[in-house]
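Visitor: In our numbering, the protein residues as written are -10 to 138. Ideal Cβ positions, reconstructed from N, Cα and C, are used throughout, including at glycine. Take a look at this one; I'll ask things after.
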């Protein structure tokens, strides 16, 4: 059976995961890339290095975000949302964005290499020294589908 997810189910899928995909478009080129994220009910928060994704989102901040839970080919849920990219610039914004992201992601990080990642700096007092781009995406429209056998 195929169907549409209701708003409560959409929110549950977005809250349940930490890996999603951002779709962005600039200069007649579309780019879809996986990202680690945290969702607070309004915004998707992320942290990344400078690169193609950030350059494109700065040029065209209207983006798409997708997550899915796939048990098998006949049992899955997928959410697609649209929104607007916002770069967090001030030390206060960066610190708050990283706190939201780290509070969600750190409990799931177990390997020595993942914990030493640059994002771990968010819980220290050197937030100004943290490298990379902290951003959020204000979700403005969400839709979801499912298949269940």
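Take the Cβ of residue 27 as the centre, count every other Cβ of all protein chains shown within 10 Å, and call the residue buried at 16 or more, exposed below.
Guide: So residue 27 counts as buried.
Visitor: Classify residue 111 as buried or exposed, calling it buried when 16 or more other Cβ atoms lie within 10 Å of its own Cβ.
Guide: Summary for residue 111: the model assigns pLDDT 46, below 50, so the residue's position carries little reliability; its value from the coordinates is reported in the next sentence. Burial is judged here by how many other beta carbons sit within 10 angstroms of a residue's own beta carbon; residue 111 has at least 16 and is buried.
Visitor: Classify residue 43 as helix, strand or coil using the three-state DSSP reduction.
Guide: helix
Visitor: Which value, in whole angstroms, describes the spacing of the CA atoms of residue 63 and residue 7?
Guide: 23 Å
Visitor: With distances taken between CB atoms, is the gap from residue 19 to residue 71 smaller than 7 Å?
Guide: For residue 19 and residue 71, no; Cβs fall outside 7 Å.
Visitor: Once the 5 residues before and after residue 125 are set aside, which same chain residues still bring their CB inside 7 Å of it?
Guide: 32, 33, 34, 75, 77, 86
Visitor: To the nearest angstrom, report how far apart residue 21 and residue 133 are at their CA atoms.
Guide: 18 Å
Visitor: Could you give the uninterrupted runs of the beta strand (DSSP E) lying entirely in the region 29 to 101, keeping only those of 3 residues or more?
Guide: Counting only runs of 3 or more residues that sit fully inside the region 29 to 101, the beta strand (DSSP E) segments are 32 to 37, 51 to 61, 64 to 77, in chain order.
Visitor: Output the distance between the C-alpha atoms of residue 39 and residue 47, rounded to the nearest integer angstrom.
Guide: 11 Å
Visitor: Quickly, what does DSSP pair residue -9 with across the bridge? List them, please.
Guide: Beta-bridge analysis with DSSP links residue -9 to 136.
Visitor: Restricting to Cα atoms, I'd like to know which of 83, 97, 135 is closest to residue 69.
Guide: 135
Visitor: If you count every other CB in all the chains shown that lies within 10 Å of the CB of residue -10, and 16 or more means buried, which is it?
Guide: exposed
Visitor: By the 10 Å Cβ neighbour count, where 16 or more other Cβ atoms means buried, how is residue 90 classified, buried or exposed?
Guide: buried
Visitor: Grab the span of the beta strand (DSSP E) containing residue -1 for me, first residue to last.
Guide: Not the beta strand (DSSP E): residue -1 falls in the alpha helix (DSSP H), residues -4 to 5.
Visitor: Just confirm the distance between the C-beta atoms of residue 14 and residue 61, as a whole number of angstroms; I'd bet it's less than 8 Å.
Guide: Your pair residue 14 and residue 61 does not check out as a contact, with CB atoms roughly 32 Å apart and the cut at 8 Å.
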